[in-house]
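Going line by line, the protein sequences match chains D and S. Position in the first sequence (from 1) plus 108 gives the number in our numbering. Position in the second sequence (from 1) plus 108 gives the number in our numbering.
Number of protein chains: 2
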Amino acid sequence: MDIERIHFQQHGDHGGQLVSLEEERNVPFEIRRVYYIFATQPKVHRGRHAHRHLRQLAVAVRGSVTILLDDGTGPVEVVLNDPSQGLLLGDMVWRELYDFSDDCVLMVLADQFYDPADYITDYDEFLREANGYRRVEGAVA
Amino acid sequence: MDIERIHFQQHGDHGGQLVSLEEERNVPFEIRRVYYIFATQPKVHRGRHAHRHLRQLAVAVRGSVTILLDDGTGPVEVVLNDPSQGLLLGDMVWRELYDFSDDCVLMVLADQFYDPADYITDYDEFLREANGYRRVEGAVA
């Protein structure tokens, strides 16, 4: 599956902590967009879509959230609960976000601007495209 | 003083909130670096420096912090405590950060990579350069 966890260095001392993310350095793409999700109500599920062409890095800069990831071969659950842990997501990964803690702030860096046309929001359509995607990837490899 | 407050649209509903920042769109520069400050201990002051050539956008994505800003003509205090409020900082502004709430996460977007040579950490040196800077700016205007 096109996901990866990245550990970022914390620049900290007794006074506090700082994490620095730089495009094409410890973030493996150009940062065009930064968004953050907060004040998520209990029992809310977010996401439930995939992107055709989008690289993203997600960090729970506060609190925790669970993310289900699925490339069409079955789901994997990842918990983000550490400001120094990033989750790198590539193309064609279905994601669903839930179990947000009350205080969760999920920050996401993306290599493209917001583009509604890049979303696949129907899971069956996602499976069809994902199967084709894997065949092409396999053929190339 | 080369500072500005920006209000960002919150894309929200009963389930939660999202704010989206895009370079050269609602953020008036190219985003090269994103850093975040957290777990700051009580009574800690951070900052106490200026940058010669750096544009930054600061957002308290969680909690609150007070920022003292000074371009050499006297200080201004700004409180950041709203995830939809950004503070835009230009060149040659001395800043000091304090009164971090326990839960504060201060996210900063910057148009340059980290560069130790761009910091002015001595206030008297800052005043000397700031006076020269204002004279040049005045001459150009």
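C-beta atoms are modelled at their ideal positions from N, C-alpha and C, and glycine is treated no differently. Remember, predicted model here, so these are calculated numbers, not experimental data.
When you compare each of the options to residue i by their alpha carbons, which one comes out closest?
| i | options | result |
| --- | --- | --- |
| V201 of chain S | S:F234, S:Q149 and S:Q118 | S:F234 |
| G123 of chain D | S:V152, S:R242, S:D178 and S:G198 | S:V152 |
| A238 of chain S | S:P150, S:G182, S:I114 and S:G155 | S:G182 |
| Q164 of chain D | D:D207, D:G240, D:M215 and D:Q118 | D:M215 |
| C212 of chain D | D:V127, D:D190 and D:F146 | D:F146 |
| D230 of chain D | D:R203, D:T148, D:M109 and D:I114 | D:R203 |
| R236 of chain S | S:E112, S:D179, S:S209 and S:L205 | S:D179 |
| G155 of chain S | D:L126, D:Q193, D:T148 and D:D199 | D:L126 |
| V107 of chain S | S:H115, S:V244 and S:L176 | Since the first and last residues shown for chain S are 109 and 249, residue 107 of chain S lies out of range. |
| I228 of chain S | S:P150, S:H119, S:E131 and S:H161 | S:H161 |
| H157 of chain S | S:R243, S:D226 and S:E138 | S:D226 |
| Q117 of chain D | D:P191, D:M109, D:L217 and D:Y206 | D:P191 |
| R170 of chain D | S:E132, S:T148 and S:V244 | S:T148 |
| Y206 of chain S | S:D199, S:V142, S:I175 and S:E138 | S:I175 |
| A168 of chain D | D:L177, D:H159 and D:V186 | D:V186 |
Could you confirm whether any beta carbon from chain S is found closer than 8 Å to the beta carbon of residue i?
| i | result |
| --- | --- |
| A147 of chain D | yes |
| A249 of chain D | Low per-residue confidence applies at A249 of chain D: pLDDT is 43, beneath 50, and the placement is therefore not dependable, though the value from the model is reported in the following sentence. Not one chain S Cβ lies under 8 Å of A249 of chain D. |
| Y227 of chain D | no |
| L188 of chain D | no |
| R243 of chain D | no |
| E130 of chain D | yes |
| V184 of chain D | no |
| Y231 of chain D | no |
| R236 of chain D | no |
Report yes or no: is there a C-beta of chain D within less than 8 Å of the C-beta of residue i?
| i | result |
| --- | --- |
| F221 of chain S | yes |
| R113 of chain S | no |
| Q125 of chain S | yes |
| H157 of chain S | no |
| P191 of chain S | yes |
| N239 of chain S | no |
Any idea which residues DSSP pairs residue i with across the strands?
| i | result |
| --- | --- |
| F146 of chain D | S:Q125 |
| D117 of chain D | The identity of residue 117 of chain D in the sequence shown is Gln, whereas the question assumes Asp. The partner list for Q117 of chain D (beta bridge, DSSP) is empty, contrary to what the question assumes. |
| V187 of chain S | S:T174 |
| E132 of chain S | Answer is none; E132 of chain S lacks a bridge partner. |
| I111 of chain S | S:L197 |
| L165 of chain S | S:L196 and S:L217 |
| E204 of chain S | S:G155 and S:L176 |
| I228 of chain S | S:A158 |
| T141 of chain D | A small fix is needed here, since residue 141 of chain D is Arg in this sequence, not Thr. BP columns for R141 of chain D point to D:A218 and S:E130. |
Examine the ligand GDP and report whether any of its heavy atoms sits within less than 7 Å of the Cβ of residue i.
| i | result |
| --- | --- |
| Y227 of chain S | This structure simply doesn't include the ligand GDP, nor any ligand for that matter. |
**OP:** Could you please tell me which residues of the region 159-175 of chain S, in chain order, have their CB closer than 9 Å to any CB of chain D?
**Re:** V167, V169, R170 and G171
Subject >> Residues of the region 195-217 of chain D with Cβ closer than 7 Å to any Cβ of chain S, in chain order >> reply: D211, V213, M215 and L217
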